[in-house]
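Everything in the sequence shown is counted per this note's numbering, starting at 1467 for the first residue and increasing by one.
Ideal Cβ positions, reconstructed from N, Cα and C, are used throughout, including at glycine.
Only a predicted model underlies this, so the values are computations on that prediction, with no experimental measurement involved.
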Amino acid sequence: MVFSVLAALAAALCYGVGTVLQALGARRTAGASGLDPRVLTRALRQWPFVLGTGLDLAGYACQFVALRELPIFAVEAAQSANLAVTAVLAVPVLGARLRGPEWGAVAAVCAGLALLGVSAGHEGPAHTHAAFHWSLLACVAALGLAGWAAARLAEPWRSRLLGLLSGLGFGLIALATRVLTDLSFPDLLASPTVYALVIGAALTFLLYTIALQGGAVTSVAAALVVGETVLPAGVGIVFLGDHSRPGPYGPLALTGFVCAVAGAIALSRFAEGEPDRPG
């Protein structure tokens, strides 16, 4: 299980660096009205965005490994720690200066992840009813409709809602990954979960890119953290049997989850790629 914990932290590292690069690349491209897929085409012409996308793919590979053994609430809380990675990297790379409360937020994320690492139970791929797999595909369709509606709103609600929907999309990807039990090629082709995973990933990527162009990246990052952690963690506990280690570890896991997510939200301004500098 130690290897899975290290994989979750490696995913957070990849996502944290990728967030800065994607924000920089998205800001250099022309915006769009509505949910326009051409935004991705334009963004992928910018080398920072391409490099950030490559890091996202590497991060997902690490996340896939982590979800083979760890509960969703632990893995998704670890993913939210990518903002702590971004914040620390912003000091030498972007010339940012972390103030006392922000160092406290970094410490809260680290402490939360330590508690989750100690208390998380050992899990495996979840065997669920076929209805759950089809419901994931239905959720992708609902996510697309909600994204289409949110993209037509005015700022700042446009970026905030797209950020929240992006987070839900990332959570959906984690749920789909968790319930993939048979990785043989014929079964993958016949599984609705695979189509939910592929289509959901493309849709989430589009929503996230459009959200990053809106200017309110701090709000986008905070909403994304909430979307990718809280609801997927609840689904994992209720439907997939996620749990902490037996004994007194339940309260420790809850405390670790809250600390990691709250600390990540407090650090959400560092998703900008250009953190504020004190006068």
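On the premise that residue j lies in contact with residue i, defined as a C-beta separation below 8 Å, what is that separation, rounded to the nearest angstrom?
i: GLY1578; j: ALA1540; result: Going by Cβ atoms, the distance from GLY1578 to ALA1540 rounds to 10 Å, so no, they are not a contact pair.
i: LEU1555; j: PRO1514; result: That belief does not hold up - the Cβ atoms of LEU1555 and PRO1514 are roughly 14 Å apart, past 8 Å.
i: GLY1566; j: ASP1522; result: With 8 Å as the limit, GLY1566 and ASP1522 do not qualify as a contact, their Cβ atoms being about 32 Å apart.
i: ALA1677; j: LEU1549; result: Actually they do not touch by this definition, with Cβ atoms about 15 Å apart.
i: VAL1557; j: PHE1598; result: That pair is no contact at about 43 Å.
i: GLY1637; j: PRO1698; result: 3 Å
i: LEU1611; j: GLY1722; result: Not quite, the Cβ-Cβ distance comes to about 35 Å (not below 8 Å), so this is no contact.
From residue i to residue j, what does the alpha carbon distance come to, in whole angstroms?
i: GLY1491; j: GLY1482; result: 15 Å
i: ALA1719; j: SER1710; result: 7 Å
i: PRO1717; j: ILE1703; result: 14 Å
i: VAL1531; j: ALA1689; result: 26 Å
i: VAL1696; j: ILE1639; result: 14 Å
i: ALA1732; j: LEU1533; result: 26 Å
i: PRO1712; j: ALA1586; result: 9 Å
i: LEU1602; j: TRP1569; result: 38 Å
i: PRO1744; j: ARG1563; result: In this predicted model, PRO1744 has a pLDDT of only 43, less than 50, meaning its place in the structure is not dependable enough to derive any value.
i: ALA1730; j: ALA1473; result: 19 Å
i: HIS1595; j: GLY1707; result: 13 Å
i: GLU1740; j: THR1552; result: The predicted model places GLU1740 with a pLDDT of 49, which falls under 50 and marks its position as unreliable; any figure quoted below should be read in that light. If you take the alpha carbons of GLU1740 and THR1552, they lie about 11 Å apart.
i: CYS1480; j: VAL1691; result: 16 Å
i: HIS1593; j: VAL1606; result: 20 Å
i: VAL1516; j: PRO1714; result: 45 Å
i: VAL1724; j: ALA1547; result: 12 Å
i: GLN1679; j: ALA1571; result: 26 Å
i: ALA1662; j: TYR1526; result: 16 Å
Report buried or exposed for residue i, applying the criterion of at least 16 other Cβ atoms within 10 angstroms of its Cβ.
i: ASP1648; result: exposed
i: ASP1742; result: Note that ASP1742 scores a pLDDT of 47, beneath 50, so its modelled location is shaky; the value from the coordinates is reported in the next line. By the 10 Å Cβ count, ASP1742 comes out exposed.
i: SER1650; result: exposed
i: LEU1619; result: exposed
i: PHE1469; result: exposed
i: LEU1609; result: buried
i: GLU1535; result: buried
i: GLY1518; result: buried
i: VAL1421; result: With the chain covering only 1467 through 1745, there is no way to say anything about residue 1421.
i: GLY1629; result: buried
Check whether the Cβ atoms of residue i and residue j lie closer than 8 Å to each other.
i: GLY1583; j: VAL1471; result: yes
i: LEU1634; j: VAL1701; result: no
i: GLY1693; j: SER1632; result: yes
i: CYS1528; j: ALA1476; result: yes
i: LEU1501; j: ALA1667; result: no
>> Taking 8 Å as the cut-off, does the region 1504 to 1521 touch the region 1669 to 1678 (at least 3 CB pairs, one atom from each stretch)?
In response: Contact between the region 1669 to 1678 and the region 1504 to 1521 is present, because at least three Cβ pairs lie under 8 Å.
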